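Novice: Residue numbers (the numbering used here), protein chains in the order written: chain A, 135 to 393; chain B, 161 to 662; chain C, 73 to 391.
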């Protein structure tokens, strides 16, 4: 099992470095079309083959990773800061603040995520920033719930009540006792959300709601590969594998971190 | 326990038994039908007309040479030097609701469309029709504002204006005519599950005589997704499908058991350039857009060499043939030179349908135009939204098509005449207006051909549009289906189809 | 009283429903330009526009409009679809049944799979089989649902031909035909949920197995399977029920991609079409239904929790 965990790390590091160095790598263009070389299986000139319009798959996967990683990192951060903050306050202070927070969280959860995403992208326009914002906002209630749950577990512990009785001010308690104790569980959840974000961006891309062309994204690549499923399945399989490996790595690391 | 056994036997029987006796033909169509009332459904696409065509009849039809063939009318002749046409109607025909088909019904149908109170967008299509007069129980007169050679085609081809419906049904306040059409066709409307399927059933004693077809019931399934549609005909879920998807066609052809019917019709598929937009108002930019695109490669990719590119409005399947044309051929250097001459950096928005075909076209053109130095932003919207935006002139690059019709008059007028409400490109040329009017009025076929070819040249010079490809339609059918599909205008004609399957 | 906590939650959820609906109504403000013009087009007469504005109550403040819509909704009138003129309630009802059934089918399949595999794994605690099951679950979780759907189509429909790739069959077309037309889509959804349920069950069951009462039961001579099923399973259903509740809520409206892939006339596709076409009444109606389902299911799960675990009374369910 340990081997797998190292492999997971290696994949993520590889992905991140490829993504950042993409503009300088000797990759083919991700948008140049070659209609006489459509849907080619992996070969010498195109290591991962070409897609339906003759564009190089390797380059598109690497550039698509930029979108996936950006969303996977930035969106949960929004959720953590806003949602986590909300949950922290709700769980710590309780009372009407908690009730208000619960109502807000429940409202956000009851409002169908897909509708929100569709509406937001339709009205704001598809762009990387908007996708990150939408996904970030959607993850807020989840973070709020988890953080609140964790805080509730900690807040009744003796040394916290003791600190309160001693008159230590709230921000000190939060900083010194609460946050460090909830950190492991929240970090683990953060990894889960990252994984969910990659899939969600893929789903949006599949529906055509993610970053617009010519920028490739893994989800829209899978969608574009649908019509070639029987003859050239690699067009859908390769980006699916990319998502799979990324998710698997995140999940494996999360497992490791939990133990 | 015995009761349980009986229950299971019943379940088994239910699952194994199929529909009882009716011979059913199942057709896969591309889009949801909007509605059957011309006043409510302002534009009727191929899918809507395919279904409507089974339920309604037209007054006449045209053969391959453009000659009149009787349908609901037994004759249609010009009088008064072409300023009016008189139609003699068929007797003993009734609508599906029992009401008689007669001159009053025909007059009512057209007057209803022309009535300004109904605000039918189709009035633009009927532009030269002043009114329809009842001369006798079975005779009507179409009064025109001057000679209009295009009238027969307008009455013959299934469209938003030509399908005659029951006056009682369309004027009744209780009857939702838009969703429950009543016509005179060989099939009667039966049921409609929105977004899923429409069922029509055969009518006995149709005026066309003993049916060639053995089909009792037709079920139209709405399958917007191309892959799904092809999978459906392969698995036998449907008997035949309408498609524009070249890979499906190629695969179907490889498997000998499928029958592939093809038609390259008249007309063309196009992109429209809004002449009022900042950059597009300059003809150099428009020419650059045309020169920058390799239409052969585009046609090769999208249609896999099955459908030819288009370079004029008429297509190789139409009655107008103009031969050589001046439409710009692929020349990237020329495109760049034109843009350099223009001087300013160009960025444009391309509004397209959010379908795989729409997206592909958009990406390909975005790529080509990018090579020439034009920055293009893509704006995917639904089909309805696209039409809406174009009608409001809220777009820069949009999409359109000239129908596969025996007469190009209606579509050319609609798009380019300065008086037409559908002139979404804001094209304003007295020269073209005159040519269109003259072509529409000319009775002599050769004169019309000359006028139309001049129109094609003018369009290729001014470039209010960019051609994409010709109208090529395909039907993939299972081997059990026999008969002539028709496919004029891209419409599947069920009247002659038979099937061996139940 | 055991139920006051539940009643408090119910009240809060009602407030939530109200807010969600109000939010949806507020969406109309997002529509750029005049809504009536957008619906009827620029060529519409001024009288027609005025008429429509009156019908849609566009001149009135948001709250009034909302209350008007709510009043109509309580009577079952959700307006008409701007695309087809059909009553929204009817449209949604037709599609809802399909989505609901798919959701039941998928959850059922997922539960069966998860139960079977987790019982299997737990019965061989610590062996390679147990670890293998966990690893497979991890792998399955890592595959995106839409890829799963695609590959299911590729293998079972296109290559093997065992199930139809597409096409929804009504009940009236035969029980077997109907169920098999829904099988692949339900399986696609189930394979996404099942590993999650499995991991919950496996963890919980693993924990419960270590508890003393299990040893007591074994000592009394209860068979291994008997122990598993009767004593271990029930306490372990805690988290499972919660998660199922969460899933069910958003499955009804969110299985868009699966519906598209398999051409099912469900709510997801209806929704996407409605948003694209800016068919506001339809969107509002769908949001109402989806939110309602989510809230009702959550309340049911809460009630079920209280019934199954009366020892938890007075303590709010830790979510």
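Built from N, CA and C at the ideal position, the CB exists for glycine as well.
All values derive from a computational prediction rather than experimental measurement.
Along chain A, in chain order, which residues have C-beta atoms closer than 7 Å to that of residue 85(C)?
Specialist: 240
Novice: Contact defined as beta carbons within less than 8 Å: I believe residue 278(A) pairs with residue 217(A). What is the distance between those atoms, to the nearest angstrom?
Specialist: 4 Å
Novice: So, residue 369(B) versus residue 563(B), is the Cβ gap smaller than 8 Å?
Specialist: no
Novice: Check each candidate in 197(C), 141(C), 198(C), 263(C) and name the one with the smallest Cα separation from residue 330(C).
Specialist: Here the closest residue by C-alpha is 263(C).
Novice: Output, in chain order, the set of chain A residues within a Cβ distance shorter than 7 Å of residue 153(B).
Specialist: With chain B covering only 161 through 662, there is no way to say anything about residue 153(B).
Novice: For residue 665(B), does the three-state DSSP call read helix, strand or coil?
Specialist: Chain B is shown from 161 up to 662; residue 665(B) falls before or after that span and cannot be answered.
Novice: Below 8 Å between beta carbons: does that hold for residue 391(A) and residue 321(A)?
Specialist: Between residue 391(A) and residue 321(A), the C-beta gap is smaller than 8 Å, which places the two residues in contact.
Novice: Near residue 153(C), what residues of its chain come up, given a Cβ to Cβ distance below 7 Å and the 5 sequence neighbours on each side ignored?
Specialist: 160, 163, 351, 353, 354
Novice: Taking 8 Å as the threshold (C-beta atoms), are residue 421(B) and residue 645(B) in contact?
Specialist: Yes; because the gap between Cβ atoms is below 8 Å, this pair is in contact.
Novice: Consider the Cβ of residue 387(B): report whether some Cβ of chain A lies at a distance smaller than 8 Å.
Specialist: yes
Novice: Are the C-beta atoms of residue 255(C) and some chain A residue less than 8 Å apart?
Specialist: no
Novice: Identify the contact partners of residue 461(B) in chain A, using a Cβ-Cβ distance below 9 Å as the criterion.
Specialist: 167, 169, 172, 186, 187, 188
Novice: So what does residue 658(B) bridge to, in DSSP terms?
Specialist: Beta-bridge partners of residue 658(B) (DSSP): 642(B).
Novice: Please determine if the stretch 233-241 of chain B and the stretch 249-256 of chain B are in contact, where contact requires at least 3 C-beta pairs separated by less than 8 Å.
Specialist: yes
Novice: Which same chain residues, not among the five before or five after residue 317(C), have their C-beta less than 8 Å away from its C-beta?
Specialist: 369, 370, 372, 373
Novice: Once you ignore the five residues that flank residue 345(A) on each side, which residues in its own chain have a CB closer than 6 Å to its CB?
Specialist: 201, 262, 351
Novice: Output the distance between the C-alpha atoms of residue 195(A) and residue 268(A), rounded to the nearest integer angstrom.
Specialist: 23 Å
Novice: So residue 361(A) contacts chain B; which residues on that side make the cut at Cβ distance below 8 Å?
Specialist: Chain B residues near residue 361(A): 386, 387, 405, 407, 516.
Novice: What's the gap between the Cα of residue 224(C) and the Cα of residue 371(A)?
Specialist: Those two C-alpha atoms are separated by around 12 Å.
Novice: Considering only their Cβ atoms, is the gap separating residue 331(A) from residue 209(A) smaller than 8 Å?
Specialist: yes
Novice: Below 8 Å CB to CB, which residues in the same chain sit around residue 642(B) once its five sequence neighbours on both sides are set aside?
Specialist: 657, 658, 659, 660
Novice: Residue 388(A): buried (16+ other C-beta within 10 angstroms of its C-beta) or exposed?
Specialist: buried
Novice: If I follow the unbroken beta strand (DSSP E) through residue 540(B), where does it start and stop?
Specialist: 535-541
Novice: Measuring only the C-alpha atoms, how far is residue 269(C) from residue 377(C)?
Specialist: 17 Å
Novice: When you compare the CB of residue 353(A) with every CB in chain B, is at least one pair closer than 8 Å?
Specialist: no
Novice: What number of angstroms, rounded off, separates the C-alpha of residue 358(A) from the C-alpha of residue 134(C)?
Specialist: If you take the alpha carbons of residue 358(A) and residue 134(C), they lie about 41 Å apart.
Novice: Kindly list the residues whose CB is nearer than 7 Å to the CB of residue 260(A), restricted to its own chain and excluding five residues on each side of it in sequence; keep chain order.
Specialist: 343, 344, 345, 346
Novice: According to DSSP, is residue 188(B) part of a helix, a strand, or is it coil?
Specialist: The three-state secondary structure of residue 188(B), taken from DSSP, is strand.
Novice: Hey, is the stretch 324-338 of chain A in contact with the stretch 184-193 of chain A, meaning 3+ C-beta pairs nearer than 8 Å?
Specialist: no
Novice: Can you name, in chain order, every residue of its own chain whose Cβ lies under 7 Å from the Cβ of residue 538(B), other than the five neighbours on each side?
Specialist: Answer for residue 538(B): 510, 512, 522, 526, listed in chain order.
Novice: By alpha-carbon positions, which one of 199(A), 266(A), 238(A), 161(A) ends up nearest to residue 211(A)?
Specialist: 266(A)
Novice: Where does residue 317(B) fall in DSSP's three states?
Specialist: For residue 317(B), the secondary structure class from DSSP, reduced to helix, strand or coil, is coil.
Novice: From this set, 291(B), 274(B), 259(B), which residue's C-alpha is nearest residue 283(B)'s C-alpha?
Specialist: Per the C-alpha coordinates, the member of 291(B), 274(B), 259(B) positioned closest to residue 283(B) is 274(B).
Novice: Taking the alpha-carbon positions, what's the residue 430(B) to residue 137(C) distance?
Specialist: Between residue 430(B) and residue 137(C), the C-alpha separation is close to 43 Å.
Novice: In chain order, what residues of the same chain have a beta carbon less than 7 Å from the beta carbon of residue 533(B), not counting five sequence neighbours either side?
Specialist: 496, 499
Novice: Would you give the residue range spanned by the alpha helix (DSSP H) that residue 264(B) belongs to?
Specialist: 263-274
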